Every structure is written in structure tokens, then in C-alpha cells.
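In our numbering, the protein residues as written are 1149 to 1270.
To keep things clear, I will list the structure first and then write my remarks on it.
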């Protein structure tokens, strides 16, 4: 399936061009790497990354290798990354329980490569 995803993405990027895009749930490391590869060939300056990683129940939706791939390959491409509180905790490696911790988590996530970070309260 990663090759299929990459082909679909490349088709759109090559045929139409893209000025801005939003990237949501990327479920496994090979798909994350395929998307990153396509975006490396056809950069999107205004990429918003909504890292869907944690279910409302608190259960992780991504395996650790997928989280690492997201951090390594997708976050550096982002103009803006918009994690909610549980996702910010995963990405920053810290507990987020108040405004000061939200700000620190955003700083840490920014150091992973995203140009801007918006930690959502929910």
C-alpha cells in the first residue's frame, strides 16, 4: 500500500500542483516514508500536519516506529503542526497539564523541524 499511496500523491502533485495541503493520519511507518518521499520530490511550502496519533480514549493509534517516522520525515516539512494535548505529549516527550507546559511542548516540537506549532487544548 505505501507504493500505491506514493503514486496517488505524485499524480496529484505532478498533474495539478499543490499550493497548500493538510496531512492527517498516516498509519504506519512505510506510508509515512512514502508520503515524505513524494513531498521531497514535489515540496509543498504550506503543509499543515495534524498528527493524528492518540484516540479520544487515550489509546495510541501509531506504533513507535510510525511515531519516529513522523518525527523524522514529516514534521521537518511542516509549515504548521497542530497536535492536541495527548499528541503534544507524545511528540515532546513530556506531560502537558497547564499553559506553561503547552508552551514548552510547542518549543520542543518546534525543535523537531516544524516552522510553527499550535498545541490544541483538546
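C-beta: ideal position from N, C-alpha, C; glycine also.
Predicted model only: the values in this text are computed from it and were never measured.
- What residues in its chain sit with their C-beta under 6 Å from that of residue 1168, if we drop five residues either side in the sequence? 1194
- Message: Bridge partners for residue 1208 per DSSP, in chain order?
- Response: 1202
- residue 1214 and residue 1176 look like a contact to me (Cβ under 8 Å); what is the Cβ gap, rounded to whole Å? 5 Å
- DSSP on residue 1221, reduced to helix/strand/coil? helix
- Query: Excluding five sequence neighbours on each side, which residues of the same chain lie with their C-beta closer than 6 Å to the C-beta of residue 1233?
  - Reply: 1244
- Task: Compare the C-alpha of residue 1149 against each of 1187, 1166, 1164 and 1180 and name the closest.
- Result: 1180
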